[in-house]
Structures are given as structure tokens and as C-alpha cells.
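K.L.:
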Amino acid sequence: MILALIVCLIAGIQLALPRADTVGPVWLIPFIELVGIPIVLSLRAVAGRETQYVRIAMNLFLIFLVAASVTNAMLLLLSLLRGSSASGVALLLAGLAVLIINVMSFGLVYWWLDGGGPGKRYEGTVERADFVFPQQGMESEAGWKPSLLDYLYTAYTNIIAFSPTDTMPLTHRVKVLFTVQSSTALVTIVVTLSRAINLIPNG
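The numbers in the UniProt record's numbering rise by one with no breaks, and the one at position 186 of the sequence shown is 186.
(1) Measure the CB-CB distance between residue 37 and residue 61 and report whether it falls below 8 Å.
(2) What does DSSP give as the partner residue(s) for residue 169 in the beta ladder?
(3) Go through the stretch 39 to 116 residue by residue and report every complete run of the alpha helix (DSSP H) that reaches 4 residues or more, in order.
(4) Alpha helix (DSSP H) containing residue 9: first to last residue?
(5) Inspect the beta-carbon positions of residue 114 and residue 134 and report whether they are closer than 8 Å.
(6) Going by DSSP in three states, residue 145 sits in which element: helix, strand or coil?
(7) Could you round the C-beta distance between residue 32 and residue 100 to whole angstroms and report it? I think they count as a contact, below 8 Å.
(8) Below 8 Å on the Cβ atoms is my guess for residue 98 versus residue 157; work out the distance and round it to an integer in Å.
(9) Along the chain, where does the alpha helix (DSSP H) containing residue 119 start, and where does it finish?
(10) If you measure between the beta carbons of residue 74 and residue 10, is that distance less than 8 Å?
(11) If you compare alpha carbons, which of 177, 1, 155 is closest to residue 41?
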């Protein structure tokens, strides 16, 4: 399942982060993520649909995922401000890793939140969408539904442009998430690049 694969990728990248950019043992957050996603998927399989308990479990898991992503970014920034001894290239790689985690984590959140979840979107029972995609306003794309890749792309463009591009957020909760994601990415990019550029000639 794509969801499980993305979580595994996030956990793998977090394992590769420098020790100073993690909370507790380097394996702790990836371990919680790798244990958490099978539990959520098992609940979904047993219930056979997205019950209230499945949604609560998934909501908690995604809150943890986003919190871990933001924490990784903050720890990297603190490490840089304290004068990290890592080379310029190592800092660039660490910054890139944090940004990749950012995109995948927030992409999953957008996919899960929009219109009450993928289940409601698939069934066509969405009462209020959180996003509007350009395809939804095209007659030639009647019946089109966004996939997980569309939400990952939305998360990616949000950190590259630092603002919505072709996909627009409609609800307050998603606008807040967009702000948190782009702000975290902006600070990560600016501070990491400024520090790394000074070190690369000596790195």
C-alpha cells in the first residue's frame, strides 16, 4: 500500500538524520511510525471501512507524523544556530532530508483531511471539500478524483512556492496547515543554505 510505503520512507530518512537533529534515541521516532501505521491499517482492515475509531487512530498518527517533521526541522535549525561541526555538504543533505519528510508528512495529512477522508471522496459523499483542484472545474475531467500523488504534489508546490499554486485551500484548518508547512520549509531552506554556503569551500 502506498500509505505504508511513504511512512517507511519517512522513517528511513529520519534514521539517516544526524544525531543532533533527532529527539531521544535516533530509532525512537521511526520505530513509533513503523509500529503505528500497521496498527491503523489493521483497524481499518478489521472494521472494513473508515469507522470513527479508525479516523481517531489515523488522526493521532498523522498529528505525531507532522509534529515529528516540524521537530526535525527545529532541531536542525538549533544545531545550525549553535554552530554545527558538520560540513557544508552534510548540512545540505540534512536540510534536503528534512524537506522531503515535510512534503511526505503534510501530503499524507492533506490526503486524509480533504472532504472527510479518501473513503468519502471515493463514495462521492463529501459535504465540504478542503481543497479545490483545477481538474474539478473542467468538463473534460468530469468525475475526476484526487489521488495521494495529487496531495503530495500539492505539499511539494507549497514549499517551493511558499504559497498555493494550482490547488487552492478552502478551509481554515488547511490554510493553517499550509502556513505551518511553508513557514517551516522557508526557515529550513534559508538557514541551511546560508550556513552551508559558507562551509562548502571548507567542507
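For every residue, glycine included, the Cβ atom is placed at its ideal position computed from N, Cα and C.
P.N.:
In short:
(1) Sequence index remark: in the sequence shown, residue 37 carries index 37 (1-based). Sequence index remark: in the sequence shown, residue 61 carries index 61 (1-based). Result yes, Cβ atoms of residue 37 and residue 61 sit closer than 8 Å.
(2) On the sequence shown, residue 169 is found 169 positions in, with the first residue counted as 1. Beta-bridge pairing links residue 169 to 131.
(3) 52 to 81, 88 to 113, all fully within the stretch 39 to 116.
(4) Within the sequence shown, the letter at position 9 stands for residue 9. For residue 9, the enclosing alpha helix (DSSP H) stretches over residues 2 to 16.
(5) On the sequence shown, position 114 is the one that residue 114 refers to. On the sequence shown, position 134 is the one that residue 134 refers to. Judged by their CB atoms, residue 114 and residue 134 are not nearer to each other than the 8 Å cut-off.
(6) Position 145 of the sequence shown, counting from 1, holds the residue named residue 145. Correct three-state label for residue 145: coil.
(7) In the sequence shown, residue 32 corresponds to position 32, counting from 1. In the sequence shown, residue 100 corresponds to position 100, counting from 1. About 19 Å separates the two Cβ atoms, so there is no contact after all.
(8) Along the sequence shown, one-based indexing puts residue 98 at 98. Along the sequence shown, one-based indexing puts residue 157 at 157. With a contact defined as Cβ atoms closer than 8 Å, residue 98 and residue 157 miss out at about 18 Å.
(9) Along the sequence shown, one-based indexing puts residue 119 at 119. From DSSP, the alpha helix (DSSP H) with residue 119 extends over 118 to 123.
(10) The residue labelled residue 74 in the question sits at position 74 within the sequence shown. The residue labelled residue 10 in the question sits at position 10 within the sequence shown. No, Cβ-Cβ distance for residue 74 and residue 10 is not below 8 Å.
(11) Counted from its first residue, the sequence shown places residue 41 at position 41. Closest option to residue 41, Cα to Cα, is 1.
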